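The structure appears right after this line, and notes come after that.
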Amino acid sequence: MSPEVYEHVERQDSDHPGTYRVVGVTDASVTLLHVADADGRRIHPGRTVSVSRTEYESLPTASNPDSRGSLGEMVTSLPTAIYWSLRGFSRSLASSPVRTLAALAAVVVGTFGAGLVPLPEPFLNGLYLGGILGLVLIGSGRV
């Protein structure tokens, strides 16, 4: 079998067993990147190994650990993903209370300020949008 870049093979008899992706091919050797552990879980160690073409041909093929799961798996994992996203977002907001309060104040004034503060409507709209953008940036950890 001729090795192609992005093919996957299993190496179980090495110091680091698991799934490896072909990332380079020469006439004499094949360079492999370690992409999943022995249980098939995706890992990112950056470990590369070079094997001879003969050794490569003796390795069993493996499935791509990056392939998407089924729709059912995605739906069942959605609540967990939402929970962790909201938890991380709220912790980012809590870690910067002054900025968070300033952004919240801009949202509140932009939303309810039309009859309370003597500011033009475009300015209030800008406050609202700026406050929302601020909350998103703070919550995502970019500010």
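Each residue of the sequence shown is one higher than the one before, starting from 1 at the first, in UniProt numbering. Here a beta-carbon is modelled for each residue, glycine too, at the ideal position from N, C-alpha and C. What you are looking at is a predicted structure, and each value in this text was computed from that prediction instead of being measured.
At the C-beta level, proline 65 and arginine 87 stay beyond 8 Å of one another. Contact annotation, leucine 32 with valine 22: C-beta distance approximately 6 Å; criterion of less than 8 Å satisfied. If you draw a straight line from the Cα of histidine 34 to the Cα of glycine 113, it comes to about 57 Å. If you draw a 10 Å sphere on the C-beta of tyrosine 6, you find fewer than 16 other C-beta atoms in it, and that means exposed. Fewer than three beta-carbon pairs drawn from the stretch 101-109 and the stretch 45-61 are found closer than 8 Å, and the two stretches are therefore not classed as touching. In summary, glycine 131 is buried, with 16 or more beta-carbon neighbours lying within 10 Å of its beta-carbon over all protein chains present. Residue environment analysis places isoleucine 138 among the buried positions, since at least 16 neighbouring C-beta atoms fall within 10 angstroms of its C-beta.
DSSP places leucine 32 in the uninterrupted beta strand (DSSP E) bounded by 29-36. Per DSSP, serine 77 lies in no beta strand (DSSP E) segment; the continuous alpha helix (DSSP H) that holds it begins and ends at 71-94. Annotation: arginine 99 is outside any beta strand (DSSP E); the continuous alpha helix (DSSP H) that includes it extends over 97-112. Within its own chain, the residues whose Cβ lies closer than 8 Å to the Cβ of arginine 47, once the five positions on either side in sequence are excluded, are His16, Leu33 and His34, listed in chain order. Taking all protein chains shown into account, leucine 129 has fewer than 16 neighbouring C-beta atoms within 10 Å of its C-beta and is therefore exposed.
Looking at the DSSP output, threonine 54 bridges to nothing.
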